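S.K.: Using numbering that gives the first Met the number 0, the first residue of the sequence shown is number 0, and each one after it goes up by one. All C-beta atoms in this analysis are idealised placements derived from N, C-alpha and C, irrespective of residue type, glycine included. Source: prediction; values computed, not measured. Quick one: this structure, given as structure tokens, is what I'll be asking you about.
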Amino acid sequence: MTETQKHAAAFRQIIKDKKQFLLLTHLDPDGDALGSACGLAYILKKMKKQVVIGLCESLPVRYEFLNRDESLRFLQHERINLSKYDAIIVLDASTPARLDKFENQIKSLGSEVCLVNIDHHGDNSRFGTLNIVDTDSASASQMIIELLGARALDVNSAWCLYAGIVHDTGSFRHGVNIKRAHEAAIHCLVFPVDSKQVYNRLFSLETEVALRLFSRALSRLNVAERGRIVYMYLVDEDYREFKAEPDAATGFVNRLVMLEGAEIVLFFNEAESNIIKVSLRSNIEFSVGDFASMFGGGGHVRAAGCRIEGIMEKVIERMVKALRLSLEIHDRRNEAKGQG
Ligand SMILES: [Mn+2]
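As structure tokens, this is what we get:
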């Protein structure tokens with residue numbers, strides 16, 4: 000039995016044996032975080048299991064479509080007692096710190112608690128009692144399909160898991176082993192999943208408010224290092240002015256990536272006063288995941304994020320300065336490689 004087969008068998012056994020499941024995912028959940036959680040929740044429901052998805056904040060409006068028949072149960076942090084569940088499954092989160100308000104409770108769990116960690120991030124700290132970490136998978140959603148098999152799916156789980164794959168691959172444009180991602184996705188498309196609608200829900204600017212917000216962010220486009228670093232920002236007053244929801248700027252950073260010559264792209268977003276969410280994207284072999292981890296965040300080579308408390312101007316200044324230095328080191332390493 001290969002490692003992968005062993006993992007799949009252990010995971011299936013847990014799903015078979017346990018009755019009450021709690022699913023958790025990372026803070027500021029994205030399409031893969033919620034796609035994998037909702038997809039797995041539908042699979043468990045189909046097996047007549049009790050399942051709750053624990054969140055730190057309410058479900059972002061953009062992702063409400065994942066709760067297809069409104070039968071999924073979401074509970075916020077303060078209403079969850081971890082000891083009430085037979086198994087806790089953490090999806091798409093590399094460390095307990097990524098679980099935000101759940102961090103301390105997860106850390107203090109005894110080893111007798113069944114804690115499954117399913118993730119595809121390279122910096123995963125293996126904090127579960129069963130750790131299934133596959134860095135060759137382009138999304139956690141894809142891992143669910145591969146671990147449980149196509150036969151576990153129904154139309155609802157197929158929608159959610161397909162959305163997760165589409166999200167993390169930027170609609171099949173990037174990500175590791177894109178062939179495997181397509182193979183997993185095809186199992187979802189056996190069901191009547193509307194791929195266009197999934198794409199629109201995840202990525203398109205569908206509201207006037209979002210467009211106005213985007214134009215405000217674009218009006219603050221900045222470049223550094225002769226165009227290699229590109230960034231823009233939104234402050235909390237912008238949200239108030241346009242009466243925008245906190246998640247209205249989802250996906251904005253992906254639009255900057257298309258700028259010619261841009262190597263590293265950053266979006267500084269203050270949806271909450273003095274809490275600045277930074278989204279990073281890389282067009283080169285420079286890991287924004289490693290870079291973001293210096294600021295308490297994390298992610299992948301091409302996409303990452305972190306959260307910094309502070310005043311916008313100061314946060315931008317600090318981060319761009321650090322990025323300049325990191326890029327310099329990156330350049331020197333590349334030069335050395337070229338000569339060696
Ligand atoms: Mn993911």
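I'd like to check one pair, ILE88 with LEU350: are the Cβ atoms closer than 7 angstroms?
M.R.: Residue 350 is absent from the structure shown; the chain starts at 0 and stops at 339.
S.K.: Do ILE275 and PHE294 come within 7 angstroms of each other at the CB atom, strictly closer than that value?
M.R.: Contact flag unset, no.
S.K.: How would you label GLU269, buried or exposed, when you count the other beta carbons within 10 angstroms and need 16 or more for buried?
M.R.: Looking at its Cβ environment, which holds 16 or more other Cβ atoms inside 10 Å, GLU269 is buried.
S.K.: By Cβ distance, which residues of its chain are closer than 6 angstroms to PRO245, with the 5 residues on each side in sequence left out?
M.R.: Excluding residues within five positions, the ones whose Cβ falls inside 6 angstroms are ALA270.
S.K.: Please find out if some non-hydrogen atom of ligand 1 comes closer than 6 angstroms to the beta-carbon of SER138.
M.R.: For ligand 1, at least one heavy atom lies less than 6 angstroms from the Cβ of SER138.
S.K.: With respect to the alpha helix (DSSP H) encompassing GLY304, which residues constitute its N-terminal and C-terminal limits?
M.R.: Note, GLY304: premise wrong, no alpha helix (DSSP H); beta strand (DSSP E) at 302 to 308.
S.K.: Go through its chain and collect everything with a Cβ distance to GLY250's Cβ below 6 angstroms, but skip five positions before and after it.
M.R.: Correct list, in chain order: PHE202.
S.K.: Any chance the CB of ASP91 is under 6 angstroms from a heavy atom of ligand 1?
M.R.: Yes; taking the cut-off as 6 angstroms, the Cβ of ASP91 has a heavy atom of ligand 1 nearer than that.
S.K.: Under a Cβ-count criterion, where at least 16 other Cβ atoms within 10 Å of its own Cβ denotes burial, should ILE310 be classed as buried or exposed?
M.R.: So ILE310 counts as exposed.
S.K.: To the nearest angstrom, how far is the alpha carbon of ALA261 from that of ILE79?
M.R.: So the two alpha carbons sit approximately 43 angstroms from each other.
S.K.: Could you check the C-alpha separation between ILE61 and ARG200 for me, to the nearest Å?
M.R.: Note on residue identity: the sequence assigns Arg, not Ile, to residue 61. Taking the straight line joining both Cα atoms gives about 7 angstroms.
S.K.: Could you say if the region 14 to 33 and the region 91 to 109 meet the contact criterion of at least three C-beta pairs nearer than 8 angstroms?
M.R.: Segments in contact, yes.
S.K.: Between ASP354 and ligand 1, is the CB less than 6 angstroms from at least one heavy atom?
M.R.: The requested residue 354 does not occur in the structure, where the chain is confined to residues 0 to 339.
S.K.: If I follow the unbroken alpha helix (DSSP H) through ILE177, where does it start and stop?
M.R.: 177 to 187 is the extent of the alpha helix (DSSP H) around ILE177.
S.K.: Are the region 219 to 227 and the region 42 to 53 touching, with three or more C-beta to C-beta distances below 8 angstroms?
M.R.: The region 219 to 227 is not in contact with the region 42 to 53.
S.K.: Extract the residue ranges of the alpha helix (DSSP H) inside the region 269 to 301, only unbroken runs of 4 or more that lie entirely within it.
M.R.: Counting only runs of 4 or more, we get 287 to 292.
S.K.: When we look at the beta-carbon of ARG97 and count the other beta-carbons within 10 Å, is it buried (16 or more) or exposed?
M.R.: ARG97 comes out buried.
S.K.: Are the region 26 to 37 and the region 161 to 169 touching, with three or more C-beta to C-beta distances below 8 angstroms?
M.R.: With the cut-off at 8 angstroms, the region 26 to 37 and the region 161 to 169 touch.
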